[in-house]
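Notes for the one structure printed next.
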Amino acid sequence: MKNKKGIFDMISVVAILISLFVILNPLHFFMPSKTQMIFEAIFFIVVCVYLVFFQYEKALDERESYHLMISSRISTNIAIVLLLIALINELFGNNSSSFIPLTIAAIVLSKIISLWYFRSRK
1 MKNKKGIFDM ISVVAILISL FVILNPLHFF MPSKTQMIFE AIFFIVVCVY LVFFQYEKAL
61 DERESYHLMI SSRISTNIAI VLLLIALINE LFGNNSSSFI PLTIAAIVLS KIISLWYFRS
121 RK
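Shown next, in the form of structure tokens:
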């Protein structure tokens with residue numbers, strides 16, 4: 001069972017990296033049409049949503065639930081740091097949009113609200 005999870009993890013990482021490479025096209029190898037780009041973006045979004053929300057939500061024991069909690073905390077912190085870097089970059093470039101501050105606020109507020117909810121359930 002443990003080996004199957006490791007193989008699925010590797011396949012997931014490879015799928016995300018390949019789809020991200022195709023979407024970003026950093027070396028300009030190909031000229032995809034708009035339709036191809038839309039399907040590639042949809043594939044990337046579906047894979048990421050599946051992995052974030054559905055893949056590892058059922059822990060079998062305490063150790064696995066602890067690992068799930070720590071990995072969620074680390075990924076949330078990294079996401080906030082990257083969004084803050086993007087926000088600083090936009091502010092210095094004088095082209096600010098409301099998406100990044102709203103996303104940061106949503107992450108922080110959801111953490112505060114969920115913490116309040118679980119503390120009040122005791």
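Numbering (the UniProt record's numbering), first residue to last: 1 to 122. Glycine residues also receive a C-beta, built at the ideal position from the N, C-alpha and C atoms. Since the model is a prediction, treat every value here as computed from it, not as a measurement.
Enumerate in chain order the residues of its own chain whose CB-to-CB distance from residue i is below 8 Å, with the five nearest sequence positions on each side excluded.
{"i": "residue 100", "result": "83, 86, 87, 90"}
{"i": "residue 23", "result": "37, 40, 41, 44"}
{"i": "residue 25", "result": "32"}
Would you grab the beta carbon distance between residue i and residue j for me? Rounded to a whole angstrom, and I think it's under 8 Å.
{"i": "residue 19", "j": "residue 40", "result": "6 Å"}
{"i": "residue 80", "j": "residue 45", "result": "Not quite, the Cβ-Cβ distance comes to about 20 Å (not below 8 Å), so this is no contact."}
{"i": "residue 16", "j": "residue 47", "result": "6 Å"}
{"i": "residue 51", "j": "residue 59", "result": "Actually they are not in contact, since the Cβ atoms of residue 51 and residue 59 sit about 16 Å apart, beyond 8 Å."}
Can you tell which of the options has its C-alpha closest to the C-alpha of residue i?
{"i": "residue 78", "options": "59, 108, 65, 58", "result": "108"}
{"i": "residue 53", "options": "121, 62, 72, 29", "result": "72"}
Does DSSP put residue i in a helix, in a strand, or in coil?
{"i": "residue 77", "result": "helix"}
{"i": "residue 19", "result": "helix"}
{"i": "residue 34", "result": "helix"}
{"i": "residue 59", "result": "coil"}
{"i": "residue 43", "result": "helix"}
{"i": "residue 25", "result": "coil"}
If you drop the 5 nearest sequence neighbours on each side, which residues of the same chain put their C-beta closer than 7 Å to that of residue i?
{"i": "residue 113", "result": "none"}
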